[in-house]
Amino acid sequence: MPIEHGPTRNLTRSSGAHDRAPAWSPDGEKIAYVSDAGGEDDVYWVDQDGSGSPERLTQRTSGRIDNLLFSPNGEHLTYSDQQGKLYLLDLTSKTSVEIADDKAPFGLDPSWSPDSRYLAMSLADDNGLRSLWIYALDDAKLHRITDELWNETSPSWDPSGKFLFYLSDHEFAPQLAPSSSTTSSTAKARFSP
19 MPIEHGPTRN LTRSSGAHDR APAWSPDGEK IAYVSDAGGE DDVYWVDQDG SGSPERLTQR
79 TSGRIDNLLF SPNGEHLTYS DQQGKLYLLD LTSKTSVEIA DDKAPFGLDP SWSPDSRYLA
139 MSLADDNGLR SLWIYALDDA KLHRITDELW NETSPSWDPS GKFLFYLSDH EFAPQLAPSS
199 STTSSTAKAR FSP
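Just so we're aligned: the sequence shown equals residues 19 to 211 in the working numbering.
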């Protein structure tokens with residue numbers, strides 16, 4: 019729907035299907051979304067101007083999909099399923115790989131670094147608390163960046179990509195803590211009620 023003046027348009031043209039969770043591509047040319055038009059939830063995308071037909075990007079057999087998130091360079095899209103698995107979809111090859119499996123299927127909080135090389139997320143530990151992890155596209159591995167002693171959630175990169183901010187309950191009160199992406203140092207910003 020245009021912000022000002024102009025008609026709304028049906029981009030998906032999928033009568034009877036449940037289309038939801040739209041996400042704009044960084045260049046503004048495509049809109050990715052979840053649809054059950056094929057019988058189960060899958061990721062599709064379509065030209066934002068409605069000029070083309072929707073293209074199915076995944077071929078799943080069951081389960082709900084959520085949390086569509088484009089990488090800043092537009093080359094990848096992440097999504098999660100109801101079992102807590104996080105997937106990385108390569109938008110050139112249209113192939114998906116599982117990159118994380120959360121023990122508690124909620125709150126992954128994926129966040130791309132500005133250079134699209136890293137994906138930060140919050141994963142549940144065996145003790146029920148959440149820790150921060152970074153998936154590096156260079157080596158295709160998950161790297162733990164916080165320990166299992168506290169809840170750390172909601173990672174968010176600063177614009178330079180040098181720091182990762184996150185929420186932590188180290189002192190039983192919410193704190194905002196930036197973590198250097200090049201060292202293991204952490205600084206705290208305390209919020210008082």
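For every residue, glycine included, the Cβ atom is placed at its ideal position computed from N, Cα and C.
About 13 Å separates the beta carbons of Phe88 and Pro132, which is beyond the 8 Å limit, so they are not a contact pair.
In this structure, DSSP gives Leu126 a state outside helix and strand, which the three-state scheme calls coil. Of Gly68, Asp143, Ala138, the smallest CA-CA separation from Tyr105 is found for Ala138. In chain order, Glu58 place their CB closer than 8 Å to the CB of Ser80, counting only its own chain and leaving out the 5 sequence neighbours on each side. Per the C-alpha coordinates, the member of Pro90, Asp54, Gly56 positioned closest to Gly46 is Pro90. Under the DSSP definition of a beta bridge, Glu73 partners with Trp63. Cβ atoms of Glu166 and Leu150 stay farther apart than 8 Å, at about 11 Å. The beta carbon of Gly70 is closer than 8 Å to those of Val64 in its chain, skipping five residues each way along the sequence.
Taking the CA atoms as reference points, Ser33 sits about 19 Å from Leu75. Put simply, the backbone Cα of Ile152 is about 42 Å away from that of Gly24. Secondary structure at Glu22: coil, using DSSP grouped into helix, strand and coil. For Ile21, the number of other beta carbons within 10 angstroms of its own is below 16, and it is reported as exposed.
Leu141 and His188 have their C-alpha atoms roughly 17 Å apart.
Looking only at Arg31, Lys121, Leu126, the smallest Cα-Cα distance to Asp84 is reached by Leu126.
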